[in-house]
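Asks:
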Amino acid sequence: MTAKKKSSAGKKFVSFSDDDGVSRSNRFSNSHANADGPPVYVRRTWFIIPFHLPLLTYWFLKYSDNYDIKTLAWCLIPCQLAYLVMQFNQCTVYGNKIVKINILLLFISAVTALLLTIPCTIICILFGAPFLEKLDRTWWLSLHCCILAYPAIYSVCNSDFKVGYFKKYFILIAVGCWISCAAIPLDWDRPWQSWPIPLIVGGYLGAFVGYTFGTLI
């Protein structure tokens, strides 16, 4: 009887899964050991790259009519929605599974992104953005940033509000805008230096870097 007990106690159980996200569980086991609920992460794959962002940026700088930030925003909205549904969500793992798209949550996240333009505009003003004469353009900058963050906003809402993992996407968009401010005071007198064109381009580049290399951070 003693030998049987020892042999049964010494057994080890190993589970296998065809999801490549499970192979990365060791990486997240320590950081999420004390967290509530299963871990959330985005898989490392080329499929996560938002190819539409550099394409939109190139079109905006080369072919748009007088750097039309409104038209760019309307083009960005369907592109980000398609990116979320067809790419980003397919690579986001909650626990050991990929959470299916929630149609209602897509709408709720869109409303959330729209509401977030208000505090985003206030933050821009506090950091030195024009207050009265170009307030509308500052709001459009905020709208671009919130649309760029839309996949991350949806993922936060769809994973029990686990903001910790997805905050890097918000930070990189903000850092891209902040770094691009350096182009405005230069005495080149170029049309693209007017407010807030450099910040919008910087936000797009920051979002591209975030969504492409965020899994490495």
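Heads up, the sequence shown is in full-length UniProt numbering, so the first residue is 1 and it goes up one at a time. Glycine included, each C-beta is placed from N, C-alpha and C at the ideal position.
(1) Under three-state DSSP, which class holds Lys4?
(2) Should Thr71 be labelled buried (16 or more other beta-carbon atoms within 10 Å of its own) or exposed?
(3) Are the C-beta atoms of Val175 and some chain C residue less than 8 Å apart?
(4) Look at Thr117 and Pro130 and say whether their C-beta atoms are less than 8 Å apart.
(5) For Ala33 and Cys157, I'd like the C-alpha separation in whole angstroms.
(6) To the nearest angstrom, how far is it from the Cα of Leu132 to the Cα of Leu126?
(7) Take Ile179 and list the residues in its own chain whose beta-carbon comes closer than 7 Å to its own, dropping the five residues that flank it on each side.
(8) Please classify Arg27: is it buried, with 16 or more other beta-carbons within 10 angstroms of its beta-carbon, or exposed?
(9) Quick check on DSSP: helix, strand or coil for Thr92?
(10) Tell me, which residues are paired with Lys97 by DSSP?
(11) Of the residues Gly206, Phe208, Tyr63, Cys145, which one's Cα is nearest the Cα of residue 234?
(12) Closest to Pro38 by C-alpha separation, out of Pro78, Trp74, Ile98, would be which residue?
(13) Going by the beta-carbon positions, is the gap between Trp195 and Leu61 smaller than 8 Å?
(14) Just how far apart, CA to CA, sit Gly21 and Arg190?
(15) Buried or exposed: Gly176, going by 16 or more other Cβ atoms within 10 Å of its Cβ?
(16) Are the stretch 163 to 171 and the stretch 45 to 57 in contact at 8 Å, needing three or more beta carbon pairs?
(17) On the CB-based measure, 16 or more other CB atoms within 10 Å of its CB, does Gly206 come out buried or exposed?
Replies: Working from what's here:
(1) Its pLDDT being 45, under 50, Lys4 is placed unreliably by the model, and nothing is read from it.
(2) Answer is exposed; the Cβ neighbour count stays below 16.
(3) Chain labels in this structure do not include chain C; a single protein chain is all it has.
(4) Here Thr117 is not near Pro130, since their CB atoms are 8 Å or more apart.
(5) Residue placement at Ala33 cannot be trusted, given a pLDDT of 40 that sits under 50; what the coordinates show is reported in the next sentence. Cys157 has its alpha-carbon roughly 21 Å from the corresponding atom of Ala33.
(6) Distance between the alpha carbons of Leu132 and Leu126 is about 13 Å.
(7) Excluding sequence positions up to five before and after Ile179, its CB lies within less than 7 Å of the CB of Gly202, all in the same chain and listed in chain order.
(8) For Arg27, the pLDDT reaches just 44, beneath the cut-off of 50, and the residue's location in the model is therefore unreliable, although a value from the coordinates is still provided. Under this definition Arg27 is an exposed residue.
(9) Here Thr92 carries a strand assignment [DSSP, helix/strand/coil].
(10) By DSSP's assignment, Lys97 forms a beta bridge with Tyr94.
(11) This structure does not reach residue 234, given that the chain is present from 1 up to 217, and the question cannot be answered.
(12) Looking from the CA of Pro38, the closest CA among Pro78, Trp74, Ile98 belongs to Ile98.
(13) Contact annotation: Trp195 and Leu61 have beta-carbon atoms that are not nearer than 8 Å.
(14) Low confidence applies here, because Gly21 scores a pLDDT of 44, under 50, leaving its location unreliable and the question unanswered by this model.
(15) Answer is buried; the Cβ neighbour count reaches 16.
(16) Contact between the stretch 163 to 171 and the stretch 45 to 57 is absent, because fewer than three Cβ pairs lie under 8 Å.
(17) Taking all protein chains shown into account, Gly206 has 16 or more neighbouring C-beta atoms within 10 Å of its C-beta and is therefore buried.
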